[in-house]
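J.: Could you have a look at this structure, given as structure tokens, before my questions?
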Amino acid sequence: MLIYDPVERKTSSVEEALIDFPEKIPMHSERLLLTYPLVDLHTHVRLNNGEDYNSLEKASIRGGFVVVNIQPNTNPPISSEDVLRHHKELSNGKKVLFLHTVSFFGEISDLGALEVEGISGWSTDGLRYHSEELLRAYLNKKPALLFDHSQLHELPGDFYVGSPLPNARRPYSNEAIAIFRTVTMGLEFGFNRFHIQHVSTAESLETIEYLRRRAKITCELTPHHCYFLPEMIDHPNQKINPPISKDRDVLRDALRKGIIDVLTTDHAPHPEKPETFQDAPYGSSHIEVALSVYLMVFEDFKLVIDKLTVAPLRVIGASFESLGLRFPQDSILIDLDAEFTVDSSTFESKGKNCAFNGCVLRGKVIGFRRNGRWVYWDGQFLEN
Numbered sequence: 001m002l003i004y005d006p007v008e009r010k011t012s013s014v015e016e017a018l019i020d021f022p023e024k025i026p027m028h029s030e031r032l033l034l035t036y037p038l039v040d041l042h043t044h045v046r047l048n049n050g051e052d053y054n055s056l057e058k059a060s061i062r063g064g065f066v067v068v069n070i071q072p073n074t075n076p077p078i079s080s081e082d083v084l085r086h087h088k089e090l091s092n093g094k095k096v097l098f099l100h101t102v103s104f105f106g107e108i109s110d111l112g113a114l115e116v117e118g119i120s121g122w123s124t125d126g127l128r129y130h131s132e133e134l135l136r137a138y139l140n141k142k143p144a145l146l147f148d149h150s151q152l153h154e155l156p157g158d159f160y161v162g163s164p165l166p167n168a169r170r171p172y173s174n175e176a177i178a179i180f181r182t183v184t185m186g187l188e189f190g191f192n193r194f195h196i197q198h199v200s201t202a203e204s205l206e207t208i209e210y211l212r213r214r215a216k217i218t219c220e221l222t223p224h225h226c227y228f229l230p231e232m233i234d235h236p237n238q239k240i241n242p243p244i245s246k247d248r249d250v251l252r253d254a255l256r257k258g259i260i261d262v263l264t265t266d267h268a269p270h271p272e273k274p275e276t277f278q279d280a281p282y283g284s285s286h287i288e289v290a291l292s293v294y295l296m297v298f299e300d301f302k303l304v305i306d307k308l309t310v311a312p313l314r315v316i317g318a319s320f321e322s323l324g325l326r327f328p329q330d331s332i333l334i335d336l337d338a339e340f341t342v343d344s345s346t347f348e349s350k351g352k353n354c355a356f357n358g359c360v361l362r363g364k365v366i367g368f369r370r371n372g373r374w375v376y377w378d379g380q381f382l383e384n
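Residue numbers in the sequence shown follow the UniProt record's numbering, run continuously in steps of one, and reach 384 at the last position.
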């Protein structure tokens, strides 16, 4: 069995008998990997009878994630201290560490003044805004890390121009222009740390590389943008924002070259979507299979684990140690060769809208250990 430490960038091997497993390992292959649990900088929770912190905790564990960064587009949005405290009350004390972003367009003006722990930064994700609202926010907010869903919302189109799909009217340049707007306007008002979410086009990557001469910019890749091409989309579950683009292979290469800094999930749970693209909401529920997508696409477990552990923690200025996490007391066991067909009806998540339904993936979390105790093993949650 292999052990990979992404903090030290070291790989070693160990006899399975030396690890305190709860029971016999479910053997699908001889390629077993023990490593740090994962970090997701981009996750959505719904509440109000949708995905709550209980279901998201189980879904995260099943997917191997121990740190999950919640985006602010809840109902109501995380835009006031009262709503933020409500989310903290619901999410504290769980086996998964839930961090929270705060709406860039709410009443909170200074993240440093909040007497609340576990705040990772501002975010525009899932929040429709135009240039005037962005300017007003920059005028009224104290600078901190800004997670940005870069989009010109005033322009129409659910899919990029050229996609063989209805309402394919969104210009490819939309995202790149929005990135340039967010960063250059922010620099003018004292902001200099930006994290660009779910990059989807080659133009966006070129824009980010240019702007890095002036600002500290990180960016992320999602499972759907590194797996699908527009011509592969055949179900409303694959209606994503930003849309799937033709630049899939460019995005993959950018991750390998370090131009893209981290991997995330953008887990966006909904109940079963309507049957038409027009009526379906954006998003896909897949935190339980995101690691599997990445392992199969990149075929390099060190790269994938790095981009799902130390790299995202570096973005938010944290470490496993600072969050109270220790290896191997906190760890996951992965069967690198386990193949399975995605079936969202079996998900722990309340979101069944998985873009990967029916896909055959390879690589699977079979164990999750927290504070020295195995809490998940071979598809079952274990009692403490």
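All residues carry an ideal CB built from backbone N, CA and C; glycine is no exception. All figures in this text were calculated on a predicted structure; none of them were measured in a lab.
Pull up the distance between the alpha-carbon of Y36 and that of I259, whole angstroms please.
T.: Counted from its first residue, the sequence shown places residue 36 at position 36. Counted from its first residue, the sequence shown places residue 259 at position 259. Those two C-alpha atoms are separated by around 23 Å.
J.: Give me the Cα-Cα distance between G121 and L145, rounded to the nearest whole angstrom.
T.: Position 121 of the sequence shown, counted from the start, is the residue given in the question as residue 121. Position 145 of the sequence shown, counted from the start, is the residue given in the question as residue 145. Rounded to the nearest angstrom, the two C-alpha atoms are 5 Å apart.
J.: Excluding the 5 residues flanking E81 on each side, which residues of the same chain have their C-beta closer than 7 Å to its C-beta?
T.: Indexing the sequence shown from 1 puts residue 81 at position 81. Excluding sequence neighbours, E81 sits near I108 and L114.
J.: State the beta-bridge partners of D40 as determined by DSSP.
T.: By one-based count along the sequence shown, residue 40 stands at place 40. DSSP output for D40 lists V68 as bridge partner(s).
J.: Taking 8 Å as the threshold, find out whether the segment 343 to 355 comes into contact with the segment 285 to 299 through three or more Cβ pairs.
T.: Segments in contact, yes.
J.: In chain order, what residues of the same chain have a beta carbon less than 7 Å from the beta carbon of K239, not counting five sequence neighbours either side?
T.: Taking the sequence shown and counting its residues from 1, one reaches residue 239 at position 239. Result list for K239: D158, F277, A280 and Y282, in chain order.
J.: With a 10 Å radius around its C-beta and 16 neighbouring C-beta atoms as the bar for buried, classify D234 as buried or exposed.
T.: Here residue 234 refers to the residue found at position 234 of the sequence shown. Exposed, because fewer than 16 other Cβ atoms sit within 10 Å of the Cβ of D234.
J.: What is the DSSP secondary structure of L134, counted as helix, strand or coil?
T.: Translated into positions along the sequence shown, residue 134 becomes position 134. Reduced to three states, the DSSP call for L134 is helix.
J.: Determine the extent of the beta strand (DSSP E) in which H225 is found, giving its start and end residues.
T.: The residue given as residue 225 occupies position 225 in the sequence shown. It is not in any beta strand (DSSP E) - H225 instead sits in the alpha helix (DSSP H) that spans P223 to Y227.
J.: Tell me whether the segment 186 to 200 and the segment 289 to 301 touch, counting them as touching only if at least three CB pairs, one residue from each stretch, are closer than 8 Å.
T.: No: the two stretches stay apart, fewer than three of their Cβ pairs being nearer than 8 Å.
J.: Taking 7 Å as the limit between beta carbons, can you name the residues of its chain near M185, skipping five residues before and five after?
T.: The sequence position of residue 185 within the sequence shown is 185, counting from 1. The answer, listed in chain order, is L134, L135 and Y138.
J.: Quick check on A144: does DSSP put it in helix, strand or coil?
T.: Residue numbering aside, residue 144 sits at position 144 when the sequence shown is read from its first letter. A144: coil per DSSP, three-state reduction.
J.: Roughly how many angstroms separate the alpha carbons of Q71 and K364, rounded to a whole number?
T.: Within the sequence shown, the letter at position 71 stands for residue 71. Within the sequence shown, the letter at position 364 stands for residue 364. Approximately 26 Å, taken between the alpha carbons.
J.: Check whether the Cβ atoms of P312 and V66 lie closer than 8 Å to each other.
T.: Taking the sequence shown and counting its residues from 1, the one referred to as residue 312 is at position 312. Taking the sequence shown and counting its residues from 1, the one referred to as residue 66 is at position 66. In this structure, V66 does not lie closer than 8 Å to P312 by Cβ.
J.: Am I right that C226 and V199 are in contact with their C-beta atoms under 8 Å? What's the rounded C-beta distance?
T.: The sequence position of residue 226 within the sequence shown is 226, counting from 1. The sequence position of residue 199 within the sequence shown is 199, counting from 1. That belief does not hold up - the Cβ atoms of C226 and V199 are roughly 10 Å apart, past 8 Å.
J.: Which residues in the same chain as A355 place their Cβ atom closer than 6 Å to its Cβ, once the five residues preceding and following it in sequence are excluded?
T.: For the purposes of this step, residue 355 is taken as residue 355 along the sequence shown, with counting starting at 1. Answer for A355: H224, N237, Q238 and S284, listed in chain order.
J.: Could you tell me if Q151 is buried or exposed, where buried requires 16 or more neighbouring beta carbons within 10 angstroms of its beta carbon?
T.: For the purposes of this step, residue 151 is identified with residue 151 of the sequence shown, where counting begins at 1. By the 10 Å Cβ count, Q151 comes out buried.
J.: If F147 sits next to Q197, beta carbons under 8 Å apart, how far is it from one beta carbon to the other, in whole angstroms?
T.: Walking along the sequence shown from the start, residue 147 turns up at place 147. Walking along the sequence shown from the start, residue 197 turns up at place 197. Sure, about 6 Å apart at Cβ, within 8 Å.
J.: Can you find the residues in the same chain that come closer than 8 Å, C-beta to C-beta, to N167, ignoring five residues on each side of it along the sequence?
T.: Here residue 167 is taken as the residue at index 167 of the sequence shown, counted from 1. Cβ within range, chain order: P156, G157, D158, F159, F277 and Q278.
J.: Exposed or buried, what is residue 385 when buried is set at 16 or more other beta-carbons lying within 10 Å of its beta-carbon?
T.: Given that the chain is displayed from residue 1 to residue 384, the structure contains no residue 385 and the question cannot be resolved.
J.: Can you grab the Cα-Cα spacing for the pair I217 / V102, in whole Å?
T.: In the sequence shown, counting from the first residue as 1, residue 217 sits at position 217. In the sequence shown, counting from the first residue as 1, residue 102 sits at position 102. The straight-line gap from Cα to Cα measures roughly 19 Å.
J.: Which first and last residues belong to the beta strand (DSSP E) in which Y4 is found?
T.: Counting from one through the sequence shown, the residue named residue 4 turns up at place 4. Note, Y4: beta strand (DSSP E), L2 to D5.
J.: Quick one: Cα of E51 to Cα of P171, how far?
T.: One-based indexing of the sequence shown puts residue 51 at position 51. One-based indexing of the sequence shown puts residue 171 at position 171. Between E51 and P171, the C-alpha separation is close to 32 Å.
J.: Give me the residue from S123, R85, R362 and I25 with the minimum Cα distance to N69.
T.: To locate residue 69, count along the sequence shown from 1; it is residue 69. Selected option, being the one with the closest Cα: S123.
J.: Measure the CB-CB distance between T43 and H267 and report whether it falls below 8 Å.
T.: Mapped onto the sequence shown, residue 43 falls at position 43. Mapped onto the sequence shown, residue 267 falls at position 267. Closer than 8 Å, so yes.
J.: Determine the DSSP secondary structure at D249, reduced to helix, strand or coil.
T.: Walking along the sequence shown from the start, residue 249 turns up at place 249. Note: D249 maps to helix in three-state DSSP.
J.: If contact is defined by three or more beta carbon pairs under 8 Å, each pair taking one atom from either stretch, is the segment 241 to 260 in contact with the segment 333 to 341?
T.: Touching, no, given that fewer than three Cβ pairs across the two stretches are closer than 8 Å.
J.: Just reading off the beta strand (DSSP E) that K364 is part of, what are its end residues?
T.: Taking the sequence shown and counting its residues from 1, one reaches residue 364 at position 364. From DSSP, the beta strand (DSSP E) with K364 extends over V360 to R370.
J.: Measure the C-alpha to C-alpha separation of T74 and M1 and round it to an integer number of angstroms.
T.: Here residue 74 refers to the residue found at position 74 when the sequence shown is read from its first residue. Here residue 1 refers to the residue found at position 1 when the sequence shown is read from its first residue. Distance between the alpha carbons of T74 and M1: 41 Å.
J.: With DSSP as the reference, label S12 as helix, strand or coil.
T.: The residue you call residue 12 lines up with position 12 of the sequence shown. Strand, per DSSP.
J.: Could you check the C-alpha separation between F368 and S204 for me, to the nearest Å?
T.: Mapped onto the sequence shown, residue 368 falls at position 368. Mapped onto the sequence shown, residue 204 falls at position 204. The straight-line gap from Cα to Cα measures roughly 36 Å.
J.: Please name the residue in G106, P76 and S60 whose C-alpha comes closest to that of K94.
T.: Walking along the sequence shown from the start, residue 94 turns up at place 94. Ranking the options by Cα distance to K94, first place goes to S60.
J.: Whole angstroms are fine: how far does the CA of V360 sit from the CA of I3?
T.: Within the sequence shown, numbered from 1, the residue matching residue 3 stands at position 3. Within the sequence shown, numbered from 1, the residue matching residue 360 stands at position 360. Approximately 26 Å between the Cα atoms of the pair.
J.: What runs of the beta strand (DSSP E), each 3 residues or longer, lie entirely inside the segment 78 to 135?
T.: Qualifying beta strand (DSSP E) stretches, in chain order: 97 to 103 and 119 to 123.
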